[in-house]
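52 is the number that the UniProt record's numbering gives to position 52 of the sequence shown; each next residue is one higher, with no gaps.
The block underneath contains the structure these notes are about, expressed in C-alpha cells.
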Amino acid sequence: MNKDHVEVLISVYKKFGNANADTTNIKMTDMNENGIEITCNDDVIFVPFITKVEDHDGYKDAIIELYASVKEDSSTSKVQKNMVEFMDSFKTLVISSIKDGQPVSSYSPFVKEGDAFYICISSVAKHYHAIKQNPNNISVFFIQDEKEAKSLFARVRVSLNVVAEFVDDAKRADIMDKFEKLNPNESALSFIKTMKDFYVVKLTPKTGRYVKGFGAAYDIEGLKIANEERVNNPHIKQH
C-alpha cells in the first residue's frame, strides 16, 4: 500500500470512525461490492460505498467517490448552509406528536420566520388535539425524496424537537398572508384563512440532528449546528 492509499484510508477512517485516533497502524482488511473494512489498532469499522460496485472495474471508481465525499468541505459554516438550504427546499414538514399516550403522525405546510416554523392546522385534525395536549413533546422531520437519494439507507434528513405555541389573531393574519405569498397558486388558502377552526401554531426548535449520509450526522441546537464534530457512530461489519 503506497502513501496515497494510506491517506485515503486515514481520511475515510477519521470521517466514519474516530477522528482523534492514532492512525499509525491502519489498514484495509476487507472489501466487497458494498464497501470496505478498515482496521485501526484494535478498532474495526465497515464503511459502505456511496454506490454499490457492479463489477471488478467499479472498485476504483467507488473508492474515488467515497474519498471525494470525505474531502468535501465540512466546515461548520458549510454544513450549516447545506442544512438550511435543504430545509428551505420544502413547503411541508412531517409532524410527530402524542395524544393520550399514542403517537400521531401527520404533516402540514409551513412558513419559516427566523428560527421558527409556523404551521396552519384545523381543530378537526387529530394532530391539533395532540399538539394542544403535549406542546413540549413534538418532533418535525424533513427527508430527502427517495428518487433523489443515492441510497435508501442514507437519505438526507433533519429531525427537530420543537415546542408549540398557538399564536394570537394578529400573528395569525400575518402568517396567513405569508402563506399566500409563498403559495400564490394555492386556492385553498382563501378559504382556510376565513375559517375559525384553522389555527396557526409556532414551532420553536430546541434540539435535533442533521444527517447528510453515512458517517455524516450532526447535532443541532435551535437551528444551528452544535459543533463541527460529527456524531461518532461507526458502522461495524457483522461477522
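Ideal placement from N, C-alpha and C gives every residue a C-beta, glycine not left out.
Using a threshold of 8 Å, state whether the C-beta atoms of residue i and residue j are closer than that.
i: Tyr-67; j: Ile-45; result: no
i: Glu-165; j: Lys-202; result: yes
i: Ile-131; j: Ser-159; result: no
i: Ala-21; j: Asp-42; result: no
i: Phe-8; j: Ile-63; result: First, the amino acid is wrong: residue 8 is Val here, not Phe. Against a cut-off of 8 Å, the Cβ pair of Ile-63 and Val-8 comes out as a contact.
i: Ile-121; j: His-129; result: no
i: Leu-223; j: Asp-88; result: no
i: Val-124; j: Val-167; result: no
i: Thr-23; j: Ile-10; result: yes
i: Phe-142; j: Phe-90; result: yes
If residue i and residue j are in contact, beta carbons under 8 Å, what's the gap, nearest whole angstrom?
i: Thr-207; j: Asn-161; result: 5 Å
i: Val-140; j: Leu-93; result: 5 Å
i: Cys-40; j: Gly-58; result: That belief does not hold up - the Cβ atoms of Cys-40 and Gly-58 are roughly 25 Å apart, past 8 Å.
i: Ile-225; j: Val-79; result: 5 Å
i: Lys-99; j: Gln-133; result: 6 Å
Give me the Cα-Cα distance between residue i and residue j, rounded to the nearest whole angstrom.
i: Lys-15; j: Glu-37; result: 14 Å
i: Pro-135; j: Val-163; result: 6 Å
i: Met-176; j: Lys-150; result: 37 Å
i: Val-169; j: Lys-81; result: Before going on, a small fix: residue 169 reads as Asp here, not Val. One C-alpha to the other measures close to 33 Å.
i: Ser-106; j: Lys-196; result: 21 Å
i: Phe-153; j: Ser-77; result: 26 Å
i: Asp-145; j: Arg-157; result: 10 Å
i: Lys-211; j: Ser-69; result: Before going further, note that residue 211 is Val rather than Lys in the sequence given. Rounded to whole angstroms, Val-211 to Ser-69 spans 14 Å at the Cα level.
i: Gly-101; j: Ile-95; result: 16 Å
i: Asn-32; j: Arg-155; result: 22 Å
i: Lys-178; j: Glu-85; result: 19 Å
i: Pro-205; j: Lys-60; result: 42 Å
i: Lys-112; j: Tyr-118; result: 6 Å
i: residue 242; j: Glu-221; result: The question about residue 242 has no answer, for the chain in this structure spans 1 to 239.
Does DSSP put residue i in a helix, a strand or coil?
i: Asn-82; result: helix
i: Ser-69; result: helix
i: residue 243; result: This structure does not reach residue 243, given that the chain is present from 1 up to 239, and the question cannot be answered.
i: Leu-152; result: coil
i: Ile-50; result: coil
i: Leu-93; result: strand
i: Arg-195; result: At residue 195 the sequence reads Met, which differs from the Arg that was named. DSSP places Met-195 in coil when its eight states are reduced to three.
So, does the CB of residue i fall closer than 8 Å to a CB anywhere in chain D?
i: Phe-110; result: The structure shown contains no chain D; it holds only a single protein chain.
Check whether the segment 208–228 and the segment 174–194 touch, using three or more Cβ-Cβ pairs below 8 Å as the test.
no
Under 8 Å: do the segment 53–70 and the segment 102–121 share three or more Cβ pairs, one atom per stretch?
no
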